[in-house]
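Asks:
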Amino acid sequence: MGHLDHATFGWLTPLLSYAMACIGAALGLSCTVRALDATGRSRRNWLITAASAIGSGIWTMHFVAMLGFGVYGTDIRYNVPLTFLSLLGAMVVVGGGVFAVGYSRDRTRALLLGGFATGLGVASMHYLGMAALRLHGTIHYDPLRVVLSVVIAVIAATAALWAALNIRSTRAVALASLVMGAAVSSMHYTGMLAVTVQVTPSGGTLHGATAMQFIFPLAVGLGSYLFLTSAFVALSPTAPERAAYVHAEGARTPADGAAAVGRDPDLRSRRTARGPGTPPVGTGSPAGIR
Numbered sequence: 040m041g042h043l044d045h046a047t048f049g050w051l052t053p054l055l056s057y058a059m060a061c062i063g064a065a066l067g068l069s070c071t072v073r074a075l076d077a078t079g080r081s082r083r084n085w086l087i088t089a090a091s092a093i094g095s096g097i098w099t100m101h102f103v104a105m106l107g108f109g110v111y112g113t114d115i116r117y118n119v120p121l122t123f124l125s126l127l128g129a130m131v132v133v134g135g136g137v138f139a140v141g142y143s144r145d146r147t148r149a150l151l152l153g154g155f156a157t158g159l160g161v162a163s164m165h166y167l168g169m170a171a172l173r174l175h176g177t178i179h180y181d182p183l184r185v186v187l188s189v190v191i192a193v194i195a196a197t198a199a200l201w202a203a204l205n206i207r208s209t210r211a212v213a214l215a216s217l218v219m220g221a222a223v224s225s226m227h228y229t230g231m232l233a234v235t236v237q238v239t240p241s242g243g244t245l246h247g248a249t250a251m252q253f254i255f256p257l258a259v260g261l262g263s264y265l266f267l268t269s270a271f272v273a274l275s276p277t278a279p280e281r282a283a284y285v286h287a288e289g290a291r292t293p294a295d296g297a298a299a300v301g302r303d304p305d306l307r308s309r310r311t312a313r314g315p316g317t318p319p320v321g322t323g324s325p326a327g328i329r
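Each residue of the sequence shown is one higher than the one before, counting from 40 in this note's numbering.
Structure (structure tokens):
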């Protein structure tokens, strides 16, 4: 039986993975809140962004945490196509959950369906990522702990979607993202506690990439994506901000209107063409004054 170490770099990988889970959750919740205030293609685009942010944040959390995973007696490699397939799967299944919330009229049903689908997306990403693991030996899982990890994922996803449906302030979104990040991290380490490895000593070569070989594309690719998405969300006005802007534009004073008339040459020419004795349009006739 191989001895497992879930924190070969100490507290660095657990804390960093938790931070990535919180960032992904915060972006996803912010996008979902904006989607619920939008219509048409704008709503669809916000929901797609939410799914990609949550999916990539959870995947990054998982992989950063796996940087600290080690098994004594064997090296570890990762199947690259299967690893990135876990990322795609997370985005697709999480997308199903947020779209259910974004378009369903029955909020209770949408919350339950969306939370279940999103939780399964989180869990499937984790175990598909574990399936990409290559080592000298066999991996076994404790079924009870696996089920517990899936339940935690579903509860975390449902709580996060409830927050998206019921909160609007930036502070509340930040608090909800901290809770979701903790729940996702708990799901990951609960799933990892279900793992046991039977090491089979071998001199054969393990195929795949090392965890360190993923660091550069991970940092450049997903890091850039999360940064750009954060900037986009921060610069996009919320529904109350747009409403306040429209209200401010509509509350123009008569002086502003008079100034606008003075700047409009076409309007001045139309007044000149009517002549000095012609009453303005919409006023009563001067014939009544005798």
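C-beta atoms are modelled at their ideal positions from N, C-alpha and C, and glycine is treated no differently. Given the structure is predicted, the values throughout are model-derived calculations rather than measurements.
#1: Mind checking who I178 pairs with in its DSSP beta bridge?
#2: Could you tell me the boundaries of the beta strand (DSSP E) in which I115 lies?
#3: Return the first residue and the last residue of the alpha helix (DSSP H) that W85 is part of.
#4: How would you write the range of the alpha helix (DSSP H) that H165 sits in, first residue to last?
#5: Using the three-state DSSP reduction, which class does A60 fall into: helix, strand or coil?
#6: For G247, name the three-state secondary structure that DSSP assigns.
#7: Considering only the alpha carbon of each residue, which of A156, G109, L167 lies closest to L127?
#8: Mind reading off the beta-carbon distance from V119 to A215? Whole number of angstroms is fine, and I expect it under 8 Å.
#9: Would you decide whether T99 is buried or exposed? Buried here means 16 or more other CB atoms lie within 10 Å of its CB.
#10: In angstroms, rounded to a whole number, what distance separates the CA positions of L75 and R82?
#11: Where S56 and A104 are concerned, what is the direct C-alpha to C-alpha distance, given to the nearest angstrom?
#12: Which whole-angstrom value describes the C-beta separation of R67 and A92, a residue pair presumed to lie in contact below a C-beta threshold of 8 Å?
#13: So, is A270 buried or exposed, given that buried needs 16 or more other C-beta atoms within 10 angstroms?
#14: How do the region 230-239 and the region 202-222 stand: do at least 3 beta-carbon pairs fall below 8 Å, yes or no?
#15: So, are the CB atoms of V161 and A192 less than 8 Å apart?
#16: Determine the DSSP secondary structure at G109, reduced to helix, strand or coil.
#17: Quick one: is S188 buried, meaning 16 or more other Cβ sit within 10 Å of its Cβ, or exposed?
#18: Count the other CB atoms within 10 Å of the CB of H42; is the residue buried (16 or more) or exposed (fewer)?
#19: Under 7 Å: does the beta carbon of G168 sit that close to some heavy atom of the ligand SAH?
#20: Quick one: what's got a C-beta closer than 6 Å to M219's C-beta in the same chain, skipping five residues either side?
#21: Determine the direct distance from the alpha carbon of T78 to that of D181, and round the result to whole angstroms.
Replies: Taking the coordinates as given:
#1: V236
#2: 115-117
#3: 79-106
#4: 146-170
#5: helix
#6: coil
#7: L167
#8: Actually they do not touch by this definition, with Cβ atoms about 34 Å apart.
#9: buried
#10: 7 Å
#11: 5 Å
#12: Reading off the sequence shown, one finds Gly at residue 67, where the question assumed Arg. Going by Cβ atoms, the distance from G67 to A92 rounds to 4 Å, so yes, they are a contact pair.
#13: exposed
#14: no
#15: yes
#16: strand
#17: buried
#18: exposed
#19: With respect to the ligand SAH, the structure shown offers nothing to examine, as it has no ligands at all.
#20: A64, A195, A199
#21: 45 Å
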